[in-house]
Each structure stands twice: as C-alpha cells, then as structure tokens.
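Since the structure comes first, as structure tokens, the remarks are kept for the end.
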Amino acid sequence: MIRIGVIGVGGMGSSHCNSLPNVENCEFVGVADLRLEAAQAIAEKYEIRAFRDYQELLEIVDGVVVATPPVAHTEVVIAAARAGVHAFCEKPLSLTLAEADAMIDAADAAGTHLMVGQVLRFYPVHVLGKHLIDAGEIGDIVYIETDYTGPYNAPRTRPASWYGTVGGLLENGIHKSDLINWFGGTALTVAAEVGSFSGHDDWEDYTVSLIRYDSGAVGILRWGGFLGARGTNETIIDGSKGSLRLDMREDIAYLKKLGNSGWEKIVPARSGPRGVVGELTHFVDCIRDDKPPLIDGRGGRHAVEVVLATYQSAREKTKVALPM
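Using the numbering used here, read the sequence shown as starting at 3 and increasing by one per residue.
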C-alpha cells in the first residue's frame, strides 16, 4: 500500500481528503495544516494522524498531496523532494516560471515524481476525446476552441481569499490552459485580450487567448463570465478528417466526419475512477509502478506559461513568443 498524506485541508484539500479513501492501493495516513484544529477534525473523521508542521507528515508518507495556497507550493514540493517523498501539487503549479523550475529541478534531483492536479484530464469525455484523436478519427488537428465560461456576470467583487490576488485565469482558467495544451501540443505564441467589467485593473472578468502550437494547430481559449446568457465549458476540435465536440457538462462526445451530414453521439466509459479519485489513483499508480505522471511538472509549468503569456500579451498589446 502507498502511504499518502495531505498538506492543506481547506478547499481542494478537503476534497482530496474525502476522495483518498476511495483510491485503490492507497493508505491515507495523515494530514497537516497550520490550522491544527482543521487538521484534527479531518484526522478524527478518518482515524489518521494530524500535524501542524508538514515536515512531520513527510516522515510517515510515500507521497503527499500539496493543497496549500499556490504561494506555498514551491517550499512544500521542494521539501517533499528532499525527503524522498513524491508530490501531487494542486493547480496552478506555481505563480511564476522560476518557482515551477525550482520544483521540477528538486524532483529531478531527488528522483521523485511531481504530478500536477489538472483534473480535467481525468474527465471521461476528455479521455475519450484524446483516444479518438490519437486513433486518427479526425486526422491532423488544425483548430481547437475551448471555453471555461459562464453567462454574463458583472460587476464582480474581487474575492477576499488568496485567489483574489493571483488572477482568475491563473487560479481557475488554468484547467483549460492545460487541456488545450494536451490536445494542441507545445505552445509557440500567444496573443490575448484580458479585461474587467468591474474596474479591477489586476483582477480580470474575461480572457481570450489565441495560441499557435508546434503541431501547426491554432487554439482559442476563453475564460470568464461574459458569454451573454449561454456560458459553455465545451471543447471543439477540428481536424483534416472531421470534428469533435466534447461537452463537459453532459460528459458526452460528438463526432462528425467530413462528408457526413450529422453528428455521432459517443458515450465515454465511466466504470473506472474519474475526476479527483481518478487523478489520485493515477498518482498512486505512478508511485507504485515508478512511471511518469500523465501531467508532470513540465506540463503543469507549460499551462502556467500560457496563462502568464496571456497576461503579458494583453498588458503589452503584442504577441508573446514562447518559451518566455
């Protein structure tokens, strides 16, 4: 059994704690949080150990879920690597590329796995979409359009918690930054518009990114509450032989081949672990089988890079070349 602990039990940390008992080959052994009372409440629920100092937790685990605010990710992930402990780090991996590089270098030096919590890769509809693409069902990808948007919602109040200081695209839209990279490849350029209906110069209401990939594909990523009355979390992928529409809300894929008049509805397999349980199961399997994670530190870094390039492009009113 792989011994897993959680550092940071608020928000997503709590979700990971609730999910770990459902992960095969995993023993949930402890939690750590600066708010010892919060850690003790989780520990009592699951009959595990609680710590205020995460260094003590690192002494009893094989892997750790890092669910602190992103400003603390670098310190904790590097400490885990130095202790020989594998790390699953919640998104976004970092707030800067230098921080991401420091975590990647530490894991590489220690020979530990660093996985990033980009959970959309573990949604059945996206797994199915990647399978269909890799099988050549739509040919070579030429265009990708993905949304993480809601209906028009303004003016908006800046959140009082930590994520009110980092930007909505980096805190939340990073999900789709990673997903579009998964389908598109390595981003080469980003041109973007970022804006606010609420008067916050550094807290955006919407972003639109135009991304060119090394595969030759062009992608558009839209985030925020600005799409009129509709809002959508869909991903549309056009290829040389057909198109895919991945409906995240319905968890259904639609395939249309060139020459066909209608869309074929395809239901993804849902029997195995998925979502948060799916990504944690993958993390445990990577530790047990010593295999690289589907989304490692470098993949998590690239998602951050596309977001930071979006901000820079909008700020400087220019196209940004990657790597930054």
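By construction, the Cβ of each residue, glycine as well, lies at the ideal position given by its N, Cα and C atoms.
N- and C-terminal bounds of the alpha helix (DSSP H) containing residue i
i    : result
Y256 : Y256 -> not in any alpha helix (DSSP H); beta strand (DSSP E) instead, spanning 254-259.
F285 : 277-291
D136 : 126-136
I44  : 38-48
Given residue i as reference, the closest of the options once Cα atoms are compared
i    : options                : result
I176 : Q57, M326, L223, A82   : L223
G302 : A311, I140, N183       : N183
A100 : R300, N20, A40, Y313   : R300
P72  : V286, A108, I146, Y165 : Y165
A305 : I50, V121, E39         : V121
E26  : P325, V279, R37        : V279
D335 : S163, T98, Y208        : Outside the shown range of the chain (3 to 326) lies residue 335, about which nothing can therefore be said.
R272 : D253, S200, F199       : D253
L181 : A34, G7, I146          : I146
V269 : G277, V129, G170, K259 : V129
K362 : V8, G119, V68, A45     : This structure cannot settle anything about residue 362, because the visible part of the chain is limited to 3 through 326.
T188 : S217, S163, N174       : S217
A331 : L310, L60, N235        : This structure cannot settle anything about residue 331, because the visible part of the chain is limited to 3 through 326.
V68  : R158, A89, A85         : A89
R37  : S21, D55, H133         : D55
R290 : E29, G169, G274        : E29
D298 : D64, R51, A109         : A109
C-alpha distance - residue i paired with residue j, whole-angstrom precision
i    : j    : result
P294 : C288 : 6 angstroms
V210 : E195 : 5 angstroms
P23  : S16  : 12 angstroms
T237 : E58  : 43 angstroms
I135 : A41  : 43 angstroms
H202 : A156 : 12 angstroms
A111 : G261 : 52 angstroms
L296 : F285 : 9 angstroms
R317 : W225 : 17 angstroms
I140 : R251 : 22 angstroms
L116 : L229 : 36 angstroms
W205 : H75  : 22 angstroms
D103 : S198 : 31 angstroms
T167 : P94  : 13 angstroms
A81  : G233 : 41 angstroms
S263 : R214 : 30 angstroms
V11  : K259 : 46 angstroms
E92  : W265 : 36 angstroms
F124 : A45  : 27 angstroms
I6   : K243 : 44 angstroms
Run of the beta strand (DSSP E) containing residue i, from where it starts to where it stops
i    : result
E307 : No beta strand (DSSP E) contains E307, which is instead part of the alpha helix (DSSP H) from 299-318.
L246 : 244-249
S96  : That residue, S96, is in no beta strand (DSSP E); it is neither H nor E in DSSP.
V87  : No beta strand (DSSP E) contains V87, which DSSP labels as neither H nor E.
S211 : 208-215
G10  : Per DSSP, G10 belongs to no beta strand (DSSP E) and is neither H nor E.
F30  : 28-34
Y145 : 143-152
G264 : First-last for G264: undefined, no H or E at that position.
Under the three-state DSSP convention, the category residue i falls into
i    : result
W225 : strand
T191 : strand
L116 : strand
G65  : strand
L60  : helix
F185 : helix
V220 : strand
L172 : helix
V269 : coil
R123 : helix
Y165 : helix
A231 : coil
A74  : helix
A102 : helix
G15  : helix
Expected contact under 8 angstroms - CB spacing of residue i and residue j to nearest Å
i    : j    : result
T114 : V78  : So it is not a contact: roughly 13 angstroms between Cβ atoms.
G32  : I4   : So it is not a contact: roughly 13 angstroms between Cβ atoms.
I143 : A219 : 5 angstroms
V127 : D249 : 7 angstroms
E307 : L282 : That pair is no contact at about 25 angstroms.
T191 : K319 : Rounded, the Cβ-Cβ distance is 15 angstroms, inconsistent with contact.
G221 : G186 : 5 angstroms
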